[in-house]
Structures are given as structure tokens and as C-alpha cells.
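Residue numbers (this note's numbering), protein chains in the order written: chain A, 1 to 426; chain B, 1001 to 1426. Note that the Cβ used here is the ideal one computed from N, Cα and C, for glycine as well. The structure presented is a predicted model; accordingly, all values stated were derived computationally and were not measured.
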């Protein structure tokens, strides 16, 4: 598979040491565990991998170190000679590096298929777009379903607990590998926004611009609570086997599905659920069943969300990544004063929130804007009015797209990046 | 145990056929199943029971009939000679008839201990207060953990699916039994509010006043979704045994705890969780554990909520009662026009909502007020500004108490109910 339609024409211009999506570049001798075919959540082996941290293990916030580390990633477009046109896209909790598809497990388009590609908002004829599966993930990057090289066994729950800081540190190694000193822009929504903020704080000189969508500088009590429910649902499933389910040939599908169902509600909004489903019945002519089957369309929808999620996601990865989000707090090292985290930042910020997002509400973006302003940072902020809730950043939301487009366009013009080449008609 | 402090002095005035709380009045030969002592969720046998529907089975909305039906209830105060001072309190999803305690399972005060009693807001020196465990419940009233008299076996999932309408129909039988033709007032929050609305629609002539707190005329898509998650969590627990867990000597504790944890978040509010817990750690001096134990206080709190809930509630009851709430829709029989449900209603309504309640948001109360107004009903409405969320009706919320107190006082004066007798100082 290829990462984008433009690759075939643009690849010849790619610098020699860069491998675009579609080219397996596994440097280490450390493949993903070949799970039995058809195992729910099993990861295809045709990922685009690079092994970093072989000589210098990755230091983790917990104090542990990890190495070597494999990163699965996708690139699109061409890195220009100045290496000044790289955009790092950071994915959300249950996302992965398949911003464009087809996704190897679901066969569906990528999660930002509408935004990324030649001639699109994030124009791969202008930008070199990189997205890597996060540390702790399950789509090729080192995580709890990888092999611990010291033991030859699956990591499982012996995998070290990681943080958003660790994820970003691993991504920095990937950029080193790709020869990208400074990002034109880092962009992400939700947990991706956390990574973008972390990038701007940990590596301010490496981030020219940061687009923080539906994010926060720390995970709220309510969000920790929802994550804890999801973790408890997974760990309550006997098929979880204390985290050792893969060794037992089992998968905690029911627990993971319940976790997903709970989380999925938080990604939407009450008005959107009302508009989409309301109290519509599965079988309007028959009425309710007076039973516990999915009488309402919203029940059927949720069950489907749970069932399809377990086919593409790993339960332990869910535990580790939710934990990383819970631990995220950029203000904590500064006695709760967020502005100090951004002192003298050279980064140009754009924050975008969605009016109906109750998981990462606008108030949290505003608090970041206040802190950035107090740190004399260059910051723009837009609250997009929509009923689509938190997941609006994944959906067709014109006002959001216009904001993002305008910000990038202004930035690119200022940076003197080559204008878009009109698509040839053939 | 007794139902309230005033009972010992007031009981002699109670009409002969009435049994206040504390007196076992089991008319049928149909006790609760004597579960092994200590079984989580087991129901003490000293409930205050009455068996109704022996001769005339209760017709259910599903088309089935049920009888005899046992109702567990608590009363406080004295029914006056005119039988005009009865207040029916309707409890919420996980509540029961122990409005005052100590609760026989938890040993804690009742859920409205602060509001109900002599000299309190709902003054039992003035009113005769009745509260019954709902149909489908697990604290003595007939439900899935009762015995099916036809088979001699536990009902389990063979218990018919019931509705809010069925709950109210059973309560009407209880009032018949108690000799109460017309209620001075029906009061309830959350699912209790649904019952109060149902009372006003099904038996308008029997309800002089209705206090509808944090309620709705129908369960929203988002609320159905949250309930479905809870049900899936229970049914995913292998200890649920297809609903037959009691016969197997098992209890789906983990699934029920996850259901409760999810629901509990929805009863609070983000600001309240932030104020109460924020990101406070269990062991601040030690920092985070880099593990999956409860690092944050909010996690520990939620786990405690789950663990304590399974000791006092039955998993199948949770399925049945959530289903009854999901099915509730007063507008459905009227082509979605809610006002028609209230045509020519003689009832005086008071609606109270809480500004931070996102489970039954103010907008839903407003919609009821609009419908009542369109039906020319007598209606008052107050939105109480609070950060306490949906559960504010169970908490110390002065503005709510003032509203309720003022409404009842005005109503009582108009009805010529005896003024409060000052408590004797001894």
C-alpha cells in the first residue's frame, strides 16, 4: 500500500535517506510478534518501521530506559532541500499513523483522509507530512504487545508506563533519523494536541508552529475518571489474564468493547446524538421489544463501535495510552503556573476548540491561550461553533477547516514555501 | 429499625389499617429469597412489605400481567382524618424507600435524611410521607430477584420488562391499600421525576401537586447510550451467568461496579470533580506510581463507588430499571407533542433543574414547562445555580431547599393543612 496518491510522482525527489510510506525500512531484527492470523487486534507485518534508540536507549519519565525502539510511521510529500516544510501530525488515543488509508486492518480511509493529500488542506505537494504511531501503540510502534528483547517474551504489563513526554521524545528520535531539525508545524487533536504542546515545551526550537486542536494542558479529573472506568472494564474481563492474554491466546474483547463504548459517548455530544439517533428504534414498525436487545439505534451504533474497535486495537495499549494522558500536566513542573512552561517560546501557536466538546471544553483551550499570552507568545485562538463534539476534528467541519487552512497558508507564505502546484488534468 | 424519629410518638394516631415503617406487614406467603448471608446485594428480610394485586394482577405496558406484587415501603408521619396530607416520594434509579435511615444494608442515613423528618423541609409532623421501592427493585419490592410464584424459581431474566408506567401503576395499588385517594404532592428527582410526571399523566385527579426535580419527559439518546454501556458491562461479566447468577451462587460484581462507575460520573459535574479532586494524588509525597493502581484520588473515589454499590444493589434490577428509564417517553403516545399529555391537567407543577446537571439538563425541564404552559397548566420553574451536577437533589443545596420549601409551604397554606407544631424542648 502507499501512503498517498502523489507518492508515485513525487518520490523520486525524496532525499535518499528518507523512506516514504510503502517502503519497509526495518533496520532492527525485531519484528512484531506474529500473532495467529485473524486474532482480533493483530497487527499486519507490512508496517513502515524504523528502529531507533539502538545505541542510545530512550530515557523515560519514569526513570526507566527503553531501547531499541521501533516506530511505525507514514510520510507523504517530499522534504524540500532546506528541510523546512515538514509537518508532524500527532494522532489521538485510538488513532494511528494511517492518516491516509486504506487502513491495513479496517480497510477504511485514513482518519485525516479528507485533510491530507495533494491539493488538500494539508497539501502534500507543498508539505512533507509525517505521522508516527505513538510509543505504547499497537500498530507497529514499540508497546506492550511487542517483544521485550531482554527476555524474548511479550512485554505485556511489564512494559514500562510511558508518558506524553516519552512519546514525543521517541518522535524526536524519528525526526533525527529523517534529518528534520525543525518542524514547519506540529498538528494534533485531542491526545495529539497534548503531544503538540509537549513538543513546543520540550523542543521549542524545533517547532516553528503548533496547531493545538481540542486539547488541554492537563487531563481533567472527569477525564481521568472516564479513563479509569475504561481500564477497570478491561481489567475486569477474565480474558485479560492479568495483562498476559496474548500468551494465553485470548483477547479481552468484552472489556475493551465496554471501554470503547464509554469513551465513544464522550467523543460526541448530546445534541449530535439527538440529531443522529434521538430515540429512533431499530424496528419502528415493531416498537420496543420489552427485552435487552438493541431496541434503539443509538444502542446498536454503540455496540457496533465496541465490536469494531476490538478488531483494531490492543487492550494493553489502551491501558498504557490512557495512563499517559492521565499523567499529562504541563503546569505541574512549574508549581501549577502554566505560563512558565512557555517562557520565551519562539513557536507560533494556533488553538482551536469546538463549542460542543465537553471532553476537552473550550475553557481548557482558553486557559492555554491565557498562559501563552502571559508568556508573550504569538497565539491565535478560534472556537468553532458546532454540535459535533470532541470528534469534530475528525469530521467534515468547514469552519474548522477554514481556520486551519488560513493559519497554514499565512505561515507558508511568510516562510516562503513553494506555492501549490495545480493538479495536472490527465 | 424505625423509619423516622417521630414515629414512636405519632404512631398511635396512625389509622388502623396503615403500617408505618418498622412494622412487618407481609400479607402474602411470598418472602424474598433467603440468599446466603453475606452475599453481596442480599436483601435483609426485615423489610416493610405489603402484597397487592393478589386478586387483580397488575397489567404491564408490555401486555403481560404480574401478580401478586409485593411492595416494600416506608412511611413517616400521620395521615390526617381528611387523608389530604400524603406526600409520595419517588426514588431514583439506584435509590430505594429508605429516605430516612439507617439503611439496612449500608447502615448509612437515608438518601433524603436531611429533608424528611419532624421539623424538616418535608415536615413529618405535617405530612404523611410514603416512599416505596420501585417495581423491579431489589430492596423488597417484586423484581428479578424475587420468586416467580408459578415456577417457584427466581425470576432472573424471565421477569417481565417493566416501565415507569408499570412502577406508577403498582404505587397506585399501594395508595389504594393505604386508603389514599389523592396525593397532596408527588415529589421525585431523576427517575423519581419521571415517576412524578407519569403520575400526573396517568392519574391526574390523584395528584394535587407534582414536584419534578432534575427530570425529563423522555430519556435522551445520550442517556440511553450511557445505560447501554452499563448493561453491557454487567452482561459481559461471566459471573452474570446469563442473568442466572443467584442460582449459581455468583454475583457479577465487576460488571456492576463498572456500570456504577460510569453512571456515577454522569451524576456529578466536571467543575465539582475538579473542586473535589482535581488532579490530587493519593500519595502526593510519592508522586505517581507509573503503574495502574489508583494514583489519583478521583480514581480511588470511583473504585470505592463501584465496590460499595455492588454490596447494596442487584445486577438484574439494574438492567430492568435502566430499561424502564430508556423506554420512558411521555410524548410518544401523542405523536411527539408533549403538551397533549397534560391537557386539562388539574395538577399544580413545580419544576426544578440544576445548572450543572448534564444528565438531565435544564433544557429538558424547560421543554416540560413549555408543554405544561401550552396545556394551560399551573407551573412554576426554577433553575438552581450550582456546580454539584445531577446529584444536587441529594446534596446540601440551599437554593434548591428554599425553592422546595417555599412551594410546599404555599401549597400547604392554601390547602389549610395544619401548621407545623414546634418541636418540644426536653
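What residues of chain A sit near residue i, judged by a beta carbon separation below 9 Å?
i: residue 1335 of chain B; result: Neighbours of residue 1335 of chain B on chain A: none; closest Cβ ~13 Å, over 9 Å.
Could you confirm whether any beta carbon from chain A is found closer than 8 Å to the beta carbon of residue i?
i: residue 1273 of chain B; result: yes
i: residue 1267 of chain B; result: no
i: residue 1127 of chain B; result: no
i: residue 1329 of chain B; result: yes
i: residue 1237 of chain B; result: yes
i: residue 1041 of chain B; result: Confidence at residue 1041 of chain B is low in this model, with a pLDDT of 36, below 50, so the placement of that residue is unreliable and no value is reported for it.
i: residue 1291 of chain B; result: yes
i: residue 1389 of chain B; result: no
i: residue 1380 of chain B; result: no
i: residue 1254 of chain B; result: yes
Under 8 Å Cβ to Cβ from residue i, same chain only, skipping five residues before and after it: list those, please.
i: residue 296 of chain A; result: 277, 279, 280, 281, 282
i: residue 164 of chain A; result: 191, 194, 195, 198, 324, 325, 327, 328
i: residue 64 of chain A; result: 160
i: residue 106 of chain A; result: 308, 311, 312
i: residue 1386 of chain B; result: 1354, 1355, 1356, 1392, 1397, 1399, 1400
If the cut is a Cβ gap below 7 Å, which residues of chain B does residue i touch?
i: residue 224 of chain A; result: 1296, 1298, 1299
i: residue 167 of chain A; result: Within 7 Å Cβ-Cβ: nothing; residue 167 of chain A doesn't reach chain B, min ~15 Å.
i: residue 270 of chain A; result: 1220, 1222
So, for residue i: in the same chain, excluding its five sequence neighbours on each side, which residues have a beta-carbon less than 6 Å away from its beta-carbon?
i: residue 1357 of chain B; result: 1214, 1389, 1390
i: residue 69 of chain A; result: 52, 53, 58, 142, 170
i: residue 90 of chain A; result: 188, 192, 195, 196
i: residue 1365 of chain B; result: 1351, 1353
i: residue 1381 of chain B; result: 1351, 1369
i: residue 290 of chain A; result: none
i: residue 415 of chain A; result: none
i: residue 1133 of chain B; result: 1072, 1096, 1097, 1139, 1140, 1141
i: residue 1268 of chain B; result: 1389
i: residue 1077 of chain B; result: 1124, 1127, 1128, 1129
Can you give me the Cβ contacts of residue i inside the same chain, cut-off strictly under 7 Å, excluding the 5 residues immediately before and after it?
i: residue 383 of chain A; result: 353, 355, 362
i: residue 1263 of chain B; result: 1226, 1230
i: residue 375 of chain A; result: 339, 342, 343, 345
i: residue 1400 of chain B; result: 1352, 1384, 1392, 1393
i: residue 1250 of chain B; result: 1239, 1241
i: residue 234 of chain A; result: 240, 252, 255, 256, 259, 315, 318, 319
i: residue 1247 of chain B; result: 1154
Find the residues of chain B that neighbour residue i, judging by a C-beta separation of less than 9 Å, and give them in chain order.
i: residue 228 of chain A; result: 1261, 1294, 1296, 1298, 1299, 1302, 1303
i: residue 326 of chain A; result: 1279, 1288, 1295, 1296, 1299
Just the chain A side, please: which residues come within less than 7 Å of residue i by C-beta, in chain order?
i: residue 1258 of chain B; result: 229, 232, 233, 236, 258
When you compare the CB of residue i with every CB in chain B, is at least one pair closer than 8 Å?
i: residue 277 of chain A; result: yes
i: residue 161 of chain A; result: yes
i: residue 62 of chain A; result: yes
For residue i, does the count of other Cβ atoms within 10 angstroms reach 16, so buried, or fall short, so exposed?
i: residue 74 of chain A; result: buried
i: residue 1166 of chain B; result: buried
i: residue 275 of chain A; result: exposed
i: residue 408 of chain A; result: buried
i: residue 1177 of chain B; result: buried
i: residue 1042 of chain B; result: Per-residue confidence for residue 1042 of chain B stands at a pLDDT of 32, beneath the threshold of 50, marking its modelled position as unreliable; the derived number appears in the next sentence. Burial call: buried.
i: residue 1417 of chain B; result: buried
i: residue 1056 of chain B; result: exposed
i: residue 1092 of chain B; result: buried
i: residue 124 of chain A; result: buried
i: residue 299 of chain A; result: buried
So with CB distances below 8 Å, who are the chain C contacts of residue i?
i: residue 319 of chain A; result: Checking the listed chains, one finds no chain C in this structure; the protein chains it contains are A and B.
Run through chain B and tell me which residues come within less than 8 Å of residue i, C-beta to C-beta.
i: residue 323 of chain A; result: 1292
Using the beta-carbon of each residue, which ones in chain A are nearer than 8 Å to residue i?
i: residue 1365 of chain B; result: Under the 8 Å cutoff, chain A gives no residues; its nearest Cβ is about 15 Å from residue 1365 of chain B.
i: residue 1215 of chain B; result: Going along chain A, no residue has its Cβ under 8 Å from residue 1215 of chain B, so there is no contact; the nearest lies around 16 Å.
For this session: Pick out the complete alpha helix (DSSP H) segments inside the segment 1283-1341 of chain B, 4 residues or longer, and give them in chain order.
Result: Here the runs fully enclosed are 1297-1312, 1315-1327.
Exercise. Where are the beta strand (DSSP E) runs, 3 residues long or more, that stay fully inside the segment 1363-1387 of chain B, in chain order?
Worked result: Listed in chain order, the complete beta strand (DSSP E) runs (minimum 3 residues) inside the segment 1363-1387 of chain B are 1378-1384.
Exercise. At what residue ranges does the segment 1132-1217 of chain B contain a whole run of the alpha helix (DSSP H), taking only runs of 4 or more?
Worked result: DSSP assignment within the segment 1132-1217 of chain B yields the following whole alpha helix (DSSP H) runs of 4 residues or more, N-terminal first: 1164-1178, 1191-1202.
For this session: For the segment 1239-1290 of chain B, list the alpha helix (DSSP H) runs that are entirely contained and at least 4 residues long, ordered along the chain.
Result: Counting whole runs of 4 or more residues, the segment 1239-1290 of chain B contains the alpha helix (DSSP H) stretches 1253-1267, 1270-1276.
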